[in-house]
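Heads up: the structure comes next, in structure tokens.
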Amino acid sequence: LRRSELDDFLASATEACALAGNELRRSAALVQRFKQVAVDRASLERRRLDLAEVVQDADPRLRKGVPVDGVELVLELEAGVVMDSYPGPLEQVVTNLFNNALLHGCPPGGPGRIRVSARADGPVQVCIEVSDDGQGIATDDLPRIFEPFFTTRRNRGGTGLGLHIVHQIVTEVLGGRVEVRSHCAGAPGDEQTGTCFILHLPRRGPERPVGTA
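Printed below as a string of structure tokens:
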């Protein structure tokens, strides 16, 4: 056995181990996504919460309010809005929408801006908006964005589960609805490009999430 042959073998083995490690990490991330899709309703904790606090607790970067990878963050959170709902699922929804805006809306390194707002919407509802001034969503893709596994970034690690999870939690757990408005770069019209997700939620969440026995 020559030294050069051993060196070649070690180099090949190292590369194979690195590839296997990367695939295992991707598989683990996908399994975690599946666990999020199957919301464990038995572990849901409903309590009184402050809307602004829950939104900021969804991601440490929202708590800091400083630019992320060159992307400006704008927080418009109304103080004193109290809900009686499920803080864990609500934080998960905000996290997914925020990460989606960073991944799909704004290019790495900026420039760009993400706005997160939360406010009362009459005496019995609240409204949360997560918007960006990025490239927008293609018109043909808009009807499919909440479908499981639909993604335009599969080659960049996208699983197509983030927005599906958002829709599932908002409608089945929080008792609300979600809408999206988007204007894609190059599309006709004078609107500014970008995407805005709007959550309409009741201040008092369902006694038991929709769909449970």
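Heads up: the sequence shown begins at 550 in this note's numbering, then just goes up one per residue. Ideal placement from N, C-alpha and C gives every residue a C-beta, glycine not left out.
{"Item": "Which residues mark the beginning and the end of the beta strand (DSSP E) in which residue 674 is found?", "Value": "674–681"}
{"Item": "Measure from the alpha carbon of residue 695 to the alpha carbon of each residue in 642, 559, 682, 681, then state which is nearest.", "Value": "642"}
{"Item": "On the DSSP bridge assignment, give the partners of residue 745 in chain order.", "Value": "680, 730"}
{"Item": "Does the separation of the CB atoms of residue 742 and residue 729 fall below 8 Å?", "Value": "no"}
{"Item": "Near residue 750, what residues of its chain come up, given a Cβ to Cβ distance below 6 Å and the 5 sequence neighbours on each side ignored?", "Value": "675, 723, 725"}
{"Item": "Can you tell me which of 666, 614, 562, 727 puts its alpha carbon nearest to the alpha carbon of residue 627?", "Value": "666"}
{"Item": "Taking 6 Å as the limit between beta carbons, can you name the residues of its chain near residue 589, skipping five residues before and five after?", "Value": "The predicted model places residue 589 with a pLDDT of 43, which falls under 50 and marks its position as unreliable, so this point remains unresolved."}
{"Item": "With distances taken between CB atoms, is the gap from residue 673 to residue 752 smaller than 8 Å?", "Value": "yes"}
{"Item": "Per DSSP, residue 661 is paired with what?", "Value": "620"}
{"Item": "Which residues in the same chain as residue 664 place their Cβ atom closer than 6 Å to its Cβ, once the five residues preceding and following it in sequence are excluded?", "Value": "623, 680"}
{"Item": "For my contact list, residue 648 and residue 714 are in at a C-beta cut-off of 8 Å; report their separation, rounded to the angstrom.", "Value": "Rounded, the Cβ-Cβ distance is 11 Å, inconsistent with contact."}
{"Item": "Among 571, 688, 603, which residue has its Cα nearest to the Cα of residue 636?", "Value": "603"}
{"Item": "Should residue 595 go down as buried or exposed, given a rule of 16 or more other Cβ atoms within 10 Å for buried?", "Value": "buried"}
{"Item": "Using 10 angstroms around the beta-carbon of residue 567, count the other beta-carbons present and answer buried if the total reaches 16, otherwise exposed.", "Value": "exposed"}
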